[in-house]
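Heads up: the structure comes next, in C-alpha cells.
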Amino acid sequence: MPQQAAVQQLEPDADAQMLAPPTLRFITCGSVDDGKSTLIGRLLYEQKAIFDDQLAALERDSKRHGTTGEDIDFALLVDGLEAEREQGITIDVAYRYFSTPRRAFVIADTPGHEQYTRNMATAASGASLAVLLVDARKGLLTQTRRHAAIVSLLGVRHVVLAVNKIDLVGYDEEIFRAIVRDFAGFSAPLGFSSVTPIPMSARFGDNISRKSAKTPWHAGPALLPFLEDVDVEEDHSGEPFRFPVQWVNRPHLDFRGFCGTIASGRARRGDAVVVAASGRTSKIARIVAADGDLAEAGAGEAVTLTLEDEVDAARGDVLAHPDARPEVTDQFAAHLIWMSEAPLAPGRSYLLKCGTKTVPATVTALKRRLDVNTLQEIEATTLGLNEVGIANLATTAPIALDPYREVKGTGAFILIDRETNATAAAGLVSFGLRRATNIHAQGLSVGKIDRARLNGQRPAVLWFTGLSGSGKSTIANLVESRLYAHGVRTILLDGDNVRHGLNKDLGFTEADRVENIRRVGEVAKLMTEAGLIVLCCFISPFASERRFVRELLEPGEFLEIFVDASLEDCVARDPKGLYRKALAGEIRNFTGVDQRYEAPQTPELVVGRGGLSAEQEAAAIVKELARRGFIDRVADASDDFSI
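Convert by adding 389 to the 1-based position in the sequence shown; the result is the number in this note's numbering.
Okay, structure coming up:
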C-alpha cells in the first residue's frame, strides 16, 4: 500500500474539495524522445501516487527495458505496451489520474512519433492545457511545431513550454532563453492565451514539483504548482443548446424519447426546441436521466428528452433552441488533419461522421496546406499523412453544423475511408459556404420517366471497367452498334475521347483520376435524365469512385461490367504501345504498372473470362439488358443476337 501521506492526498478533506479548482485535463506532447512519459512518471512518483507493488515492478522493468542505467526509468510507468517498452517510444495514448490537496488531474501521455500524430490529436481534443516538451539539446523540431499547431486548432488555449533535459546542457540559461524566443516567434499566430516556459529535468525532478536550486535564474514557477493554480476554465454559459439525437426510445405507445448527450448549452423543462434540419418546433416535456426526471441538464450529460408534440426526428438529427440554430448545409469549409497513409483525393467519396450523423461526403477543393514549420498557407493539390489543410467539403445531404470555435460538439467531424473503414481525417468546421442559398432546383414539365417512355426504354449506365488494353472500348462499341441497329437510344463516353474535351485539363495522378471519374459520373447522370442508355468506358481504377457514380443514380440504373483481362494479356496485346512506354519509365502513374487497380468485387457482369470473342461478349451484354427490362427483346428466334 502507498504511504499514508499519499492516501491523504488522494482523499482531501471536504473544505479543500470545495475550494479546489476543477479537475484539470491536460496532455503532454512534443517530438519523440523529448521525455513526455518520463515527466508523467516523475510526477506520479513525487506525488506518491504509485503503489508499492507498482514501484517494485517498475524497478524490475527498468533493469530490463530501462535507458537510465541504474536509475528508475519513469517512462516505463506510462509506456505499458510491450512494443513501447522494447522500442522506448509511446505508441498509444496513456491516461493517468492523480490528485493533490489542491487539485485533481487527468493526464494524457501522447506519442511523439509522426506516425502516431492521429493519437495525439484525439487526446488534444479533450484537453484544456498542453505541456509541450522540447529537448534542450535539439530545440524546436518539425513535430514540436506540428503539435503546437494541432493543439491550437483543437482549441487548447494554454501551453506550458517544458524545456526538458536541461541537465544535459549544463542548466544553461541562454539555451533556455533561445528556445523560448524561438517558440514565441513561431507561436504568435496560433493565438494561445498563455505560454508558460519552464526549464526542467524530468529524469532528476528539477522544477517538477518544486523550484530547483540548479536553475536560480528561473523566476517562473515549477510545473506542479503552476498546474495546481492555472485557471483554464472558459465561460460556456452562453453556448447555444445542441442535442444530437443518438437513439429514439419507444418502449411502448405512451413514451417516445430522444436519447443522447447534450453537446453544449443547457436544457430545461419547458424550453422551446427545434429540429434543426426540418424546422419543426416543440417544447421539452421531460428530461429523463438514470436516476429519474431532472429539472435541467447541461453539456456532457446523457439524458432522454421527451417533447410535448409528436415531432419527427431520428438518429443524426440535432435539437437546438429556436433562436440559436446551427447552420444546416451541404457545403462548408474546414480544417483537415490528415490521418491516413493514403493521400487525400479531392472528389473521392468518404463517410463524414459529425456527432451522431453519418453521411457520404467529398472534399470538393483543397484550398491550401499549412506549412507547420512556418505556419504559412501554401497551395496544394493533396494532403499526406499528418499534414494540415484548409478544404471545402460537400455532403450528399444537409447536415447541422457549427463553427468549431463556437461549438465543439457540432463543429468537429471525422472522414472515414469507405474501403478500409479507417479514419482518414479529423475535421474542424470553419464556416458554411451557403452556396446554395440563392440556387434552387428548377421544376421541369418533362422528366426522366417521360423521356424514357418516349424512347421506349429504361435509362441505365453501363460502366465498363478494366485495365488498359482489356477490350473495354471494343466491346462497348459492339454493344452500342447492336443497340443502335434495334432503335435503342444510346451515348458512349470513352475515356480517351473525354480527355480530349471535358477533362483535357486533368492528368493521371490519383487525384486527377478521381476528378476525371467524378465529372464523368455527373455527365452520365445528366444523360440518364434524357432517358438514354449511357455506355462508359473508363479504367476507373478505384472502387470508391465507381461507388460514387453508382450512388449518383437511382437503384438498379448502374451496371458495373468488369472486363477481366490479366495484366500479362494486356501487356502482350498493348494495342496503343502504352505498356511498353510505362515499363520503360516514359509514362508515370500508369494503372497496372506503377498505380494500383482495384478490381470490382461484386459487378453486375463479368466478361473476358470464358474465352468468348468480343462479338459474343457484346451479344451477351445486350441479352442481359433485355432480361433486366432496360430494352425490349431484340434477338431473332435463334437468340444469336446477330445484326
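For each residue, glycine too, the CB sits at the ideal point set by N, CA and C.
The beta strand (DSSP E) spanning residue i covers which residue range?
i      : result
HIS536 : HIS536 -> not in any beta strand (DSSP E); alpha helix (DSSP H) instead, spanning 531-542.
GLY816 : 812-821
ILE928 : Element bounds for ILE928: n/a, residue is neither H nor E.
LEU994 : 994-996
ALA591 : Segment: none, ALA591 is in no beta strand (DSSP E) and carries neither H nor E.
ASP524 : 518-524
VAL558 : Premise fails: VAL558 is in no beta strand (DSSP E) and is neither H nor E.
VAL952 : 947-952
ALA849 : 849-854
List the DSSP bridge partners of residue i.
i       : result
GLU987  : The partner list for GLU987 (beta bridge, DSSP) is empty, contrary to what the question assumes.
LYS672  : ALA661
LYS742  : THR747 and ILE803
GLU716  : LEU790
PRO586  : LEU550
PRO633  : VAL707
SER488  : ALA493
HIS724  : ILE779 and LEU817
ARG655  : GLY687
CYS418  : LEU521
CYS648  : TRP636 and THR693
THR784  : ALA750
ASP1036 : No statement about residue 1036 is possible, as the shown extent of the chain runs from 390 to 1032 and does not include it.
ASP682  : VAL677
THR980  : GLN984
THR879  : ILE922
Could you check where the alpha helix (DSSP H) with residue i kicks off and where it finishes?
i       : result
ALA865  : 861-874
PRO614  : 612-618
VAL835  : VAL835 -> no alpha helix (DSSP H), and no H or E assigned at all.
ALA567  : 562-576
ALA1034 : Outside the shown range of the chain (390 to 1032) lies residue 1034, about which nothing can therefore be said.
GLU975  : From DSSP, GLU975 is part of no alpha helix (DSSP H); its letter is neither H nor E.
Give the secondary structure of residue i by DSSP, where H, G and I count as helix, E and B as strand, and everything else as coil.
i       : result
THR604  : coil
ILE805  : strand
GLY884  : helix
LYS756  : strand
LEU696  : strand
THR427  : helix
ALA472  : Note on ALA472: pLDDT 39, under 50, position unreliable in the model; no value is reported.
GLY910  : helix
PRO640  : strand
GLU1013 : helix
ILE1020 : coil
LEU915  : helix
ALA1003 : helix
ALA841  : helix
ALA731  : coil
GLN506  : One point to set straight first is that residue 506 is Thr, not Gln, in the sequence displayed. The answer is helix: DSSP assigns THR506 an H, G or I state.
THR511  : helix
ARG702  : The sequence shown places Ala at residue 702, rather than the Arg named in the question. Coil at ALA702, not helix or strand.
VAL796  : coil
VAL903  : helix
VAL677  : strand
ASP958  : helix
GLU940  : helix
GLU934  : helix
GLU622  : coil
GLU766  : strand
ALA666  : coil
GLY477  : Low per-residue confidence applies at GLY477: pLDDT is 41, beneath 50, and the placement is therefore not dependable, though the value from the model is reported in the following sentence. Note: GLY477 maps to coil in three-state DSSP.
GLU435  : helix
LEU895  : coil
Report back the beta-carbon spacing between residue i and residue j to the nearest angstrom; my notes put them in contact at under 8 Å.
i      : j      : result
GLU950 : VAL996 : Reading off the sequence shown, one finds Ile at residue 950, where the question assumed Glu. Their Cβ separation, rounded to whole angstroms, is 6 Å, which keeps ILE950 and VAL996 in contact under 8 Å.
ALA691 : THR650 : 5 Å
VAL777 : ILE726 : 5 Å
LEU579 : ALA611 : Rounded, the Cβ-Cβ distance is 25 Å, inconsistent with contact.
LEU616 : LEU413 : 6 Å
MET916 : ALA814 : Going by Cβ atoms, the distance from MET916 to ALA814 rounds to 33 Å, so no, they are not a contact pair.
ILE568 : LEU522 : That belief does not hold up - the Cβ atoms of ILE568 and LEU522 are roughly 11 Å apart, past 8 Å.
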